[in-house]
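K.L.:
My structure is below; once you've seen it, I'll send some questions.
Protein chains: 2
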Amino acid sequence: MSSSTVARAMLLLAELGRGERTLEQLAAVLDAHKSTALRLLRPMEEARVVQRDAAHRYRLGPQLFALAGQALEQRGVRAVAAPHLRELNAATGQTVHLAAYEGGEVVYIDKYDSRHPVRMYSRVGLRAALHSAAVAKVLLADLPPAERRRVVAQIEFTPFTARTLTTPAALLAELERVAAQGWAQDHAEHEPFINCVAAPVRDATGRVVAAASVSVPDVLLPYEGVLALLPQLLATATAISADCGHAAAG
Amino acid sequence: MSSSTVARAMLLLAELGRGERTLEQLAAVLDAHKSTALRLLRPMEEARVVQRDAAHRYRLGPQLFALAGQALEQRGVRAVAAPHLRELNAATGQTVHLAAYEGGEVVYIDKYDSRHPVRMYSRVGLRAALHSAAVAKVLLADLPPAERRRVVAQIEFTPFTARTLTTPAALLAELERVAAQGWAQDHAEHEPFINCVAAPVRDATGRVVAAASVSVPDVLLPYEGVLALLPQLLATATAISADCGHAAAG
DNA sequence: CCTCCTGTTGCGATATTCGCAACGGTCGTT
DNA sequence: AACGACCGTTGCGAATATCGCAACAGGAGG
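Read top to bottom, the protein sequences are chains A and B. Quick note: the first sequence uses this note's numbering, first residue 2, plus one each step. Quick note: the second sequence uses this note's numbering, first residue 2, plus one each step.
Encoded structure:
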């Protein structure tokens, strides 16, 4: 019993995320008449969530920037972490991510690109793979056991590479290890030639509220070199935690 | 004859932009029953455009990050300009903006914050004031005369400061000046103690596709000092234009 | 243990939406 | 310059999804 009209509108937004579209193309996506698509788009255009150029082609509008900005500001950790992550990015020159666990998924909420011209397929707002991403391991490792098992049970263990963990048991064991050692790695488990390390950010209650990570392609720095970045990463995560009110471990 | 359902959904998004809300609060915004708000929110939650925490409080969701990211990528200029703006930001240490004219309004499509801890009220996705922002002057100055007059005629000349231009005639004269000299300034016309300079970015056809600006609070650097940044700004804008395929002026 | 509060569901009345078909504007072609 | 094709836009009944209501469920707090 939910509004199918709004659902269709969301479909249109997703489609426009793939590029500019004409009214007819959008109508085709809905499998509906052009006039239907037009009537759905009009309020979104008025809200500046979508926009149309002179040639009547639709695209995503500037209100999305504003909403996304507000959404990010509502994620308190992000603002606190920003200067530290920027510094880590500057010091290592590598790609730095910040991710959070929200409603059963792990979402990237900030990203600082590598200085080197390497493409990494990640984007703020995308979900991380729960069984391979280092940030996901860090965040899952802190969940209460019951929820952890529940989440792990629902994962599809897509084998991205030869090293990807492919069973719930293997992942649960890995999470134990991560919880014990206080950091996680992704040793070419998601993409063949990319290694990551991640560390937890804790708030005043001690709960892990986010995970920071460094991701490095093999060609830039081999696996052992990435592990050598751990001290810097842990220092960064500790500093962020401190700014979040987390008392240093005692 | 447009969908009022979608319009209501947009209202909810705007409200959530102001902070987390409970279902009842959102229903109050619509002046509708709780169940109505619930049915509107459900598809948006499924699309991850909104999200709810354990306490059933709604907030903006991560899909907005993804959509905004895609929307920005669709703005070609932004990617091209990014490295140059980053460099200008590093060189001057001041706040750098990139704005574009889209459908009758001037929208910030990128921002690089000042190194100094000064708050500037601007955000990617927000509209610039057409009669005071330096970027707006640059962009309006390049419009065909007819559209320029039409847009100027619709401006509400809110007098933000004592120096704000308050008549269409004054703005049109200013735009002539801007077009002639190839750059624009905002000499405390929007906020009392902030000065800006802006320069046009042109594509291969010579049209102005964006405007880059530097904004500086008086306490950091007085007016004359901001004007002294002009050569760097113009060089940056020229470099971006070149990357956009604009042949250097001959 | 009970109560209160917030969110959730089922169900008719009704207002909104949908598809259709005709209109109008723009662009490219002959 | 006139024509034709194409795309977006509008008005109108039929149909359908939406709305408000009221009762239910499930925690949180006393």
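Glycine included, each C-beta is placed from N, C-alpha and C at the ideal position.
Taking just the CA atoms, how far does A/Leu-42 sit from A/Pro-145?
P.N.:
Here residue 145 of chain A corresponds to residue number 144 of the first sequence, with the count starting at 1. Here residue 42 of chain A corresponds to residue number 41 of the first sequence, with the count starting at 1. Cα-Cα distance, rounded: 43 Å.
K.L.:
CA-CA distance, B/Val-136 and A/Asp-111?
P.N.:
For the purposes of this step, residue 136 of chain B is taken as the residue at position 135 of the second sequence. For the purposes of this step, residue 111 of chain A is taken as the residue at position 110 of the first sequence. The straight-line gap from Cα to Cα measures roughly 28 Å.
K.L.:
Going by DSSP, which residues form a beta bridge with B/His-188?
P.N.:
Here residue 188 of chain B corresponds to residue number 187 of the second sequence, with the count starting at 1. Paired residue(s): B/Asn-196.
K.L.:
What are the start and end residues of the beta strand (DSSP E) that includes A/Arg-49?
P.N.:
Translated into the one-based positions of the first sequence, residue 49 of chain A becomes position 48. A/Arg-49 -> no beta strand (DSSP E), and no H or E assigned at all.
K.L.:
Pairs of beta-carbons, one from the segment 238-249 of chain B and one from the segment 121-132 of chain B, closer than 8 Å: are there three or more?
P.N.:
Because the criterion of three Cβ pairs below 8 Å is not met, the segment 238-249 of chain B and the segment 121-132 of chain B do not touch.
K.L.:
At a cut of 8 Å, does the segment 205-225 of chain B reach the segment 171-178 of chain B through at least three beta carbon pairs?
P.N.:
Because the criterion of three Cβ pairs below 8 Å is not met, the segment 205-225 of chain B and the segment 171-178 of chain B do not touch.
K.L.:
Taking A/Glu-103 as the query, report the chain B residues whose CB atoms sit under 9 Å from its CB, ordered along the chain.
P.N.:
Looking up residue 103 of chain A in the first sequence gives position 102. Near A/Glu-103 (Cβ distances below 9 Å), the residues of chain B are Gln-52, Asp-54, Gly-62 and Pro-63.
K.L.:
Which chain B residues sit within Cβ distance under 8 Å of A/Thr-73?
P.N.:
Translated into positions along the first sequence, residue 73 of chain A becomes position 72. Here the sequence assigns Leu to residue 73 of chain A, which means Thr is not the residue at that position. In chain order: Phe-66.
K.L.:
Does DSSP classify A/Glu-25 as helix, strand or coil?
P.N.:
In the first sequence, residue 25 of chain A corresponds to position 24, counting from 1. It is helical.
K.L.:
Could you pull the start and end residues of the alpha helix (DSSP H) that B/Asp-111 belongs to?
P.N.:
Here residue 111 of chain B refers to the residue found at position 110 of the second sequence. No alpha helix (DSSP H) contains B/Asp-111, which is instead part of the beta strand (DSSP E) from 106-113.
K.L.:
Counting C-beta neighbours from all protein chains within 10 Å, is the total for A/His-132 16 or more, i.e. buried, or is it exposed?
P.N.:
The residue labelled residue 132 of chain A in the question sits at position 131 within the first sequence. Per the 10 Å Cβ criterion, buried.
K.L.:
Where do the N-terminal and C-terminal ends of the alpha helix (DSSP H) with B/Ser-3 fall, by residue?
P.N.:
Counting from 1 along the second sequence, the entry for residue 3 of chain B is found at position 2. Per DSSP, B/Ser-3 belongs to no alpha helix (DSSP H) and is neither H nor E.
K.L.:
Taking only the alpha-carbon atoms, compute the straight-line gap between A/Leu-235 and A/Ala-15 and give it to the nearest angstrom.
P.N.:
Counting from one through the first sequence, the residue named residue 235 of chain A turns up at place 234. Counting from one through the first sequence, the residue named residue 15 of chain A turns up at place 14. Taking the straight line joining both Cα atoms gives about 37 Å.
K.L.:
Say whether the segment 2-11 of chain B touches the segment 195-209 of chain A, bearing in mind that this needs 3 or more beta-carbon pairs closer than 8 Å, one atom from each stretch.
P.N.:
No, they do not touch.
K.L.:
What residues in its chain sit with their C-beta under 7 Å from that of B/Ala-10, if we drop five residues either side in the sequence?
P.N.:
Position 9 of the second sequence holds residue 10 of chain B. Result list for B/Ala-10: Leu-41 and Met-45, in chain order.
K.L.:
Is it a yes or a no for the segment 48-63 of chain B touching the segment 76-85 of chain B, going by three-plus beta-carbon pairs under 8 Å?
P.N.:
Cβ pair count under 8 Å is below three, so no.
K.L.:
Which of the residues in the segment 75-95 of chain A, read from start to end, lie with their CB under 8 Å from any CB of chain B?
P.N.:
Those would be Gln-75, in chain order.
K.L.:
Apart from the five residues just before and just after B/Val-78, which ones in its own chain have a Cβ nearer than 6 Å to its Cβ?
P.N.:
Numbered from 1 along the second sequence, position 77 holds the residue referred to as residue 78 of chain B. The answer, listed in chain order, is Val-210 and Ala-211.
K.L.:
What does B/Arg-40 reach in chain A if we use C-beta pairs closer than 9 Å?
P.N.:
Here residue 40 of chain B is taken as the residue at index 39 of the second sequence, counted from 1. Ordered by position in chain A, the residues that pass the 9 Å Cβ test against B/Arg-40 are Met-2, Ser-3, Ser-4 and Val-7.
K.L.:
Answer yes or no: do B/Val-50 and B/Leu-39 have a C-beta to C-beta separation smaller than 7 Å?
P.N.:
Looking up residue 50 of chain B in the second sequence gives position 49. Looking up residue 39 of chain B in the second sequence gives position 38. No, the pair does not count as a contact, with Cβ atoms beyond the cut-off.
K.L.:
Taking A/Arg-117 as the reference, which of A/Gly-104, A/Ala-91, A/Gly-105 and A/Ala-189 has the closest Cα?
P.N.:
On the first sequence, position 116 is the one that residue 117 of chain A refers to. Arg is not the amino acid found at residue 117 of chain A; the sequence shown has His there. Closest by alpha carbon: A/Ala-91.
K.L.:
By the 7 Å beta-carbon criterion, what residues does the segment 108-134 of chain B contribute toward chain A?
P.N.:
Against chain A - using a Cβ distance shorter than 7 Å - the residues of the segment 108-134 of chain B are Val-108, Arg-124, Val-125, Gly-126 and Leu-127.
K.L.:
At what residues does the alpha helix (DSSP H) containing B/Arg-79 begin and finish?
P.N.:
Sequence index remark: in the second sequence, residue 79 of chain B carries index 78 (1-based). Taken as a continuous stretch (DSSP letters only), the alpha helix (DSSP H) holding B/Arg-79 covers 77-93.
K.L.:
Would DSSP call B/Thr-206 helix, strand or coil?
P.N.:
Here the question's residue 206 of chain B lines up with position 205 in the second sequence. Coil, per DSSP.
K.L.:
Within the same chain, show all residues whose beta-carbon is closer than 6 Å to that of A/Ala-199, passing over the 5 residues directly before and after it, in chain order.
P.N.:
The residue you call residue 199 of chain A lines up with position 198 of the first sequence. The answer, listed in chain order, is Ala-135, Val-136, Val-139, Ala-185, Ala-212 and Ser-214.
K.L.:
B/Glu-74 by DSSP, collapsed to three states: which one?
P.N.:
In the second sequence, residue 74 of chain B corresponds to position 73, counting from 1. Three-state DSSP puts B/Glu-74 in a helix.
K.L.:
Please report whether the beta-carbon of B/Gly-70 lies at a distance below 7 Å from any beta-carbon of chain A.
P.N.:
Counting from 1 along the second sequence, the entry for residue 70 of chain B is found at position 69. Yes, contact with chain A.
K.L.:
How many Å lie between B/Arg-149 and B/Ala-171 at the Cα?
P.N.:
Position 148 of the second sequence, counting from 1, holds the residue named residue 149 of chain B. Position 170 of the second sequence, counting from 1, holds the residue named residue 171 of chain B. For B/Arg-149 and B/Ala-171, the distance between alpha carbons rounds to 13 Å.
K.L.:
Alpha carbon to alpha carbon, how far is A/Leu-99 from A/Tyr-109?
P.N.:
Stepping through the first sequence from its first residue, residue 99 of chain A is reached at position 98. Stepping through the first sequence from its first residue, residue 109 of chain A is reached at position 108. C-alpha separation (whole angstroms): 6 Å.
K.L.:
Examine chain B for any beta-carbon lying closer than 7 Å to the beta-carbon of A/Arg-203, and answer yes or no.
P.N.:
As a working mapping, residue 203 of chain A is identified with position 202 in the first sequence. Answer no: the Cβ-Cβ gap between A/Arg-203 and chain B never drops below 7 Å.
K.L.:
By DSSP, does B/Arg-124 sit in helix, in strand, or in coil?
P.N.:
The residue given as residue 124 of chain B occupies position 123 in the second sequence. Of the three classes helix, strand and coil, the one that applies to B/Arg-124 here is coil, per DSSP.
K.L.:
Residues of the segment 7-34 of chain A in Cβ contact with chain B at a cutoff of 9 Å, in chain order, please.
P.N.:
Correct list: Val-7, Ala-8, Arg-9, Ala-10, Met-11, Leu-12, Leu-14, Ala-15, Leu-17, Gly-18, Arg-19, Gly-20 and Glu-21.
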